[in-house]
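A.B. asks:
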Amino acid sequence: MYLSWPHNRLALLLSLCFINTAPAFAQNPPQDRQKELRNMLKHDCGSCHGLTLKGGLGPSLLAKDLANKPDDYLLDTIQNGRKGTAMPPWKPFITEQETRWFIQTLLRQQHD
Ligand code: HEC
């Protein structure tokens, strides 16, 4: 046989890895855009939520404070803003996919 058993096994393992990681990659904006988004988080969101996101005019966006809030609720707040409050809608500037990336980035942040 051309492909011996261990090779087949390796190919199977590799394809499984690819299947598992592909969707995660698909959700992330390109590197350049991630840089822009990180800047935006610091300067735009930071102007109200604090440069270190610990809170200011807007509430804290630290991982520990967002952890128990549903993703869809955070998504809606960021995309559409909160009427009657200072939180503006970000829909004109960031797509839904980018907003999800924002939320994941906030949730993964480490703070002391
Ligand atoms: C002009 C000020 C301002 C800016 C800029 C701003 N926010 Fe807000 N944000 C607020 C305020 C005020 C609230 C609280 C609204 C309320 O009282 O319900 C809020 C609420 C939120 C919440 C909900 C938090 C919670 O615990 O329920 C999230 C998430 C959020 N902002 C994310 C962002 C992100 C991400 C950005 C940048 C893209 C941003 N905000 C920029 C003022 C701002």
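Residues 35 to 146 in our numbering are what the sequence shown spells out, letter by letter. Idealized CB from N, CA, C, for every residue including glycine.
1. Quick check: L95 and H83, are their CB atoms within less than 7 Å of each other?
2. I need the boundaries of the alpha helix (DSSP H) containing H83, first residue and last residue.
3. Of the choices T86, C79, P64 and K98, whose alpha-carbon is the least far from that of P122?
4. Would the region 95-108 count as touching the region 135-145 if we require 3 or more Cβ pairs under 8 Å?
5. Please report the distance separating the alpha-carbon of Q131 from that of M74.
6. By the 10 Å Cβ neighbour count, where 16 or more other Cβ atoms means buried, how is T119 classified, buried or exposed?
7. Assign F136 to buried or exposed, taking buried as 16 or more other Cβ atoms, counted over all protein chains shown, within 10 Å of its Cβ.
8. Counting only the same chain and skipping the five closest in sequence on each side, list residues whose C-beta sits under 8 Å from that of G115.
9. Using the Cβ count rule (16 or more neighbours within 10 Å means buried), how would you classify T129?
10. Which whole-angstrom value describes the C-beta separation of Q61 and R134, a residue pair presumed to lie in contact below a C-beta threshold of 8 Å?
C.D. replies: In brief:
1. What you label residue 95 is simply residue 61 of the sequence shown in a count that begins at 1. What you label residue 83 is simply residue 49 of the sequence shown in a count that begins at 1. Yes, they are a contact pair.
2. The residue labelled residue 83 in the question sits at position 49 within the sequence shown. Boundaries of the alpha helix (DSSP H) harbouring H83: G80 to H83, taken from the DSSP string.
3. Locating residue 122 in the sequence shown gives position 88, where the first residue counts as 1. The closest CA to that of P122, considering only T86, C79, P64 and K98, is found on C79.
4. Contact between the region 95-108 and the region 135-145 is present: three or more C-beta pairs spanning the two stretches fall below 8 Å.
5. The sequence position of residue 131 within the sequence shown is 97, counting from 1. The sequence position of residue 74 within the sequence shown is 40, counting from 1. Each residue's Cα considered, the two are about 16 Å apart.
6. Translated into the one-based positions of the sequence shown, residue 119 becomes position 85. With fewer than 16 Cβ atoms within 10 Å of its Cβ, T119 is classed as exposed.
7. Reading the sequence shown from its first residue, position 102 is the one you call residue 136. Counting Cβ neighbours within 10 Å, F136 comes out buried, since at least 16 surround it.
8. The residue you call residue 115 lines up with position 81 of the sequence shown. For G115, where only same-chain residues beyond five positions count, the Cβ hits under 8 Å are M121, P122, P123 and W124.
9. In the sequence shown, counting from the first residue as 1, residue 129 sits at position 95. Label assigned to T129: exposed.
10. Sequence index remark: in the sequence shown, residue 61 carries index 27 (1-based). Sequence index remark: in the sequence shown, residue 134 carries index 100 (1-based). Sure, about 7 Å apart at Cβ, within 8 Å.
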